[in-house]
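Single-structure report; data block below.
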Amino acid sequence: MPAALVAVAFLVLPLVGLGQRAPWSDLGDVLRAPEVGDALRLSLLTSTFSTLLCLVLGVPLAWLLARSPFPGRSLVRALVTLPMVLPPVVGGAALLYTLGRRSPIGSWLEDTFDVRLAFSTPGVVLAQSFVALPFLVITVQGALEAGDRGLEEAATTLGAGRWTVLRRVTLPRIAPSVAAGAVLAWARALGEFGATITFNGSFQGRTQTMPLAVYQALNRDPGAAVVLSLLLVAVSLVVLVALRGRWTTQL
Amino acid sequence: MGKNRLLLILLAILLLLVGAACGDDDGDDASGDETTTTAADDSTEATEATESTEATEPATEGVEGTVTVFAAASLTDVFEELGTAFEEANPDATVEFSFGPSSGLVTQITEGAPTDVIATAATSNMEDLVEADALDGEPTDFATNSLELAVPTGNPGEVDGLDDLANEDLVVGLCNEEVPCGRFAREALEAAGVTPSIDTNEEDVRALLTKVEVGEVDVGVVYRTDVLAAGDAVEGIEIPDDQNVVATYPIATVGEAANAEGAMAFIELVLSEEGQVALADAGFEPAS
Numbered sequence: 001m002p003a004a005l006v007a008v009a010f011l012v013l014p015l016v017g018l019g020q021r022a023p024w025s026d027l028g029d030v031l032r033a034p035e036v037g038d039a040l041r042l043s044l045l046t047s048t049f050s051t052l053l054c055l056v057l058g059v060p061l062a063w064l065l066a067r068s069p070f071p072g073r074s075l076v077r078a079l080v081t082l083p084m085v086l087p088p089v090v091g092g093a094a095l096l097y098t099l100g101r102r103s104p105i106g107s108w109l110e111d112t113f114d115v116r117l118a119f120s121t122p123g124v125v126l127a128q129s130f131v132a133l134p135f136l137v138i139t140v141q142g143a144l145e146a147g148d149r150g151l152e153e154a155a156t157t158l159g160a161g162r163w164t165v166l167r168r169v170t171l172p173r174i175a176p177s178v179a180a181g182a183v184l185a186w187a188r189a190l191g192e193f194g195a196t197i198t199f200n201g202s203f204q205g206r207t208q209t210m211p212l213a214v215y216q217a218l219n220r221d222p223g224a225a226v227v228l229s230l231l232l233v234a235v236s237l238v239v240l241v242a243l244r245g246r247w248t249t250q251l
Numbered sequence: 001m002g003k004n005r006l007l008l009i010l011l012a013i014l015l016l017l018v019g020a021a022c023g024d025d026d027g028d029d030a031s032g033d034e035t036t037t038t039a040a041d042d043s044t045e046a047t048e049a050t051e052s053t054e055a056t057e058p059a060t061e062g063v064e065g066t067v068t069v070f071a072a073a074s075l076t077d078v079f080e081e082l083g084t085a086f087e088e089a090n091p092d093a094t095v096e097f098s099f100g101p102s103s104g105l106v107t108q109i110t111e112g113a114p115t116d117v118i119a120t121a122a123t124s125n126m127e128d129l130v131e132a133d134a135l136d137g138e139p140t141d142f143a144t145n146s147l148e149l150a151v152p153t154g155n156p157g158e159v160d161g162l163d164d165l166a167n168e169d170l171v172v173g174l175c176n177e178e179v180p181c182g183r184f185a186r187e188a189l190e191a192a193g194v195t196p197s198i199d200t201n202e203e204d205v206r207a208l209l210t211k212v213e214v215g216e217v218d219v220g221v222v223y224r225t226d227v228l229a230a231g232d233a234v235e236g237i238e239i240p241d242d243q244n245v246v247a248t249y250p251i252a253t254v255g256e257a258a259n260a261e262g263a264m265a266f267i268e269l270v271l272s273e274e275g276q277v278a279l280a281d282a283g284f285e286p287a288s
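So the sequences go chain by chain: Z and V. Going by our numbering, 138 is the number at position 138 of the first sequence; the sequence numbering is gapless. Going by our numbering, 243 is the number at position 243 of the second sequence; the sequence numbering is gapless.
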């Protein structure tokens, strides 16, 4: 029991420390600073796009992993989960050498379409999606595996086509898990730092998301860094509360 | 279960508010200082204990223990070289380095990071430490440096001067504004009347240099010494004197140094002929 209390203190005290250092009287000024607004806007924009990208790519992948046995499935499972445990800065370096300007793909994109991913807002979305996607895949895959297949089989027996079964039976049943996975992916994208700064550098309004702004502010204006951090804490708490009924109880 | 979680979250919010209400700087600073000093003492003692067996051989300087040196990123190669020389001259001592942006190192020291020596790439950052009363004695200037443009080998962006930094088609990198190389670069650009089209502001000069080396950034404003240190990986383009900025590097012993004797010996080495020759080889100019 004492160990549990220590654990709670260990996790909660740093937040108290942040609160203690916050320049509460200058709060308004810091929040109105242009770089804070830019960082917040960019973070909300990129993490939302990342979540959409994760949904588009992640739900079919989760389906494949949960429902279609194919050779090497467990290997694929392990590989797509890797970004969850991989240090994000390694992910950023990997993206840089795969999609960077001197990589075959990156130089082809730049020469053919005049598209440059590195150091751009779409590059931020890619970096965030790289680290966030496994969270969505794992959540949705878990729901698909846990779900009772009986209802789907019954629908098929009653003459429903595969598309109808998917649309009318399966998707409504996994919808809460898809939502939970999306919220998790969104939160992970919002907090992304290592892959983003490695792949995209940092520029206000274009690639400098909230975590990057916090990091930079720490060396210039620690008070502002604390305010930005508290803003992220608040957003994270809202996410946790929103997930309360879903994710936290399931685990 | 869900109810408990919610309770914990509420507790966290409550604690945050309580912390904010009773937050006072004095108490916090004092406790922070205390812990870091203890940690530094412990590590020094541990090193001394492990190395005491070898102490039979008389060391010339008699310096022992770990000397921790915080230094500007642009000093990386030359200080590592001097660190090896220091360890050879003082077999009972080890030198540990932390290289990074001068502004970040200064923040770490004011937050109580345990270190013995600080060397920055600008006198202004050192002034912050003087004002915070965080140094032991006065800082000494030991070298100067100047800016140079770094481009990837082959100069794919066909850069030939500061003017090209306004080209929106190039990927242009500078250091962060609060890092000396970033501040100096902006001064130089202003002197040249160029409004740069910046694509990234990097954390320190070596982070920027790396992005030039791998060809991601077409042109970056770094120090002359960084272009030399990168060897064949980058090409340098000189900035004329009337647009260039001179960076002066000061070094000092940190007030809470756990190994003040070691700190002084390291600073002596940097200021000695041996140290100045190593700095000159790396492309630094002597401090006036």
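Where a beta carbon is used, it is the ideal one built from N, C-alpha and C, also for glycine.
Quick one: is residue i near chain Z, going by C-beta distance under 8 angstroms?
{"i": "residue 103 (chain V)", "result": "yes"}
{"i": "residue 167 (chain V)", "result": "no"}
{"i": "residue 171 (chain V)", "result": "yes"}
{"i": "residue 198 (chain V)", "result": "yes"}
{"i": "residue 107 (chain V)", "result": "yes"}
{"i": "residue 178 (chain V)", "result": "yes"}
Taking C-beta pairs closer than 8 angstroms, name the residues in chain V that residue i reaches, listed in chain order.
{"i": "residue 130 (chain Z)", "result": "Chain V residues near residue 130 (chain Z): none, gap ~17 angstroms exceeds 8 angstroms."}
{"i": "residue 222 (chain Z)", "result": "107"}
{"i": "residue 96 (chain Z)", "result": "214, 216"}
With 8 angstroms set as the bound, which would you pick, yes or no: does the beta-carbon of residue i sit closer than that to a beta-carbon of chain V?
{"i": "residue 49 (chain Z)", "result": "no"}
{"i": "residue 52 (chain Z)", "result": "no"}
{"i": "residue 58 (chain Z)", "result": "no"}
{"i": "residue 100 (chain Z)", "result": "yes"}
{"i": "residue 148 (chain Z)", "result": "no"}
{"i": "residue 5 (chain Z)", "result": "no"}
Show which residues of chain V have a CB atom less than 7 angstroms away from the CB atom of residue i.
{"i": "residue 118 (chain Z)", "result": "216"}
In chain Z, what lies closer than 9 angstroms to residue i by C-beta?
{"i": "residue 370 (chain V)", "result": "Absent from the model: residue 370 (chain V). The displayed extent of chain V is 1 to 288, so no value can be given."}
If we count the other Cβ atoms within 10 Å of its Cβ and call it buried at 16 or more, is residue i buried or exposed?
{"i": "residue 103 (chain Z)", "result": "buried"}
{"i": "residue 227 (chain V)", "result": "buried"}
{"i": "residue 186 (chain Z)", "result": "buried"}
{"i": "residue 75 (chain Z)", "result": "exposed"}
{"i": "residue 105 (chain Z)", "result": "exposed"}
{"i": "residue 1 (chain Z)", "result": "exposed"}
{"i": "residue 175 (chain Z)", "result": "exposed"}
{"i": "residue 73 (chain Z)", "result": "exposed"}
{"i": "residue 101 (chain Z)", "result": "buried"}
{"i": "residue 289 (chain V)", "result": "With chain V represented from 1 up to 288, any question about residue 289 (chain V) goes unanswered, as that position is not in the structure."}
{"i": "residue 159 (chain Z)", "result": "exposed"}
Is any heavy atom in the ligand NAD found nearer than 7 angstroms to the beta carbon of residue i?
{"i": "residue 235 (chain V)", "result": "No copy of the ligand NAD occurs in the structure displayed, which carries no ligand at all."}
(Q) Below 8 angstroms, how does it come out for the region 210-223 of chain V and the region 175-192 of chain V: are there three or more Cβ pairs, yes or no? (A) yes
Q: May I ask you to verify whether the region 222-230 of chain Z touches the region 53-71 of chain Z, counting CB pairs closer than 8 angstroms and requiring at least 3?
A: no
Q: Could you name each continuous beta strand (DSSP E) segment of 3 residues or more that falls completely within the region 217-264 of chain V, going from the start of the chain to the end?
A: 219-223, 234-238, 246-254
Q: Check whether the region 229-237 of chain V touches the region 79-98 of chain V, counting contact only when three or more Cβ pairs, one atom from each stretch, lie closer than 8 angstroms.
A: no
Q: For the region 229-248 of chain V and the region 259-268 of chain V, state whether three or more C-beta atom pairs, one from each stretch, are separated by less than 8 angstroms.
A: no
Q.
Please give me, in chain order, every unbroken run of the beta strand (DSSP E) with length at least 3 that falls completely inside the region 95-177 of chain V.
A. 117-119, 135-152, 172-175
Q.
Under 8 angstroms, with one C-beta from each stretch per pair, do the region 205-216 of chain V and the region 159-176 of chain V reach the 3-pair mark?
A. yes
Q | Stretch pair the region 33-45 of chain Z + the region 204-217 of chain Z: three plus CB contacts closer than 8 angstroms | A | yes
Q) What are the uninterrupted segments assigned as alpha helix (DSSP H) that are 4 or more residues long and contained completely in the region 4-53 of chain Z, given in chain order? A) 27-32
Q. Which parts of the region 152-201 of chain Z are runs of the alpha helix (DSSP H), unbroken and 4 residues or longer, counting only runs that do not cross its ends?
A. 162-165, 171-190, 194-200
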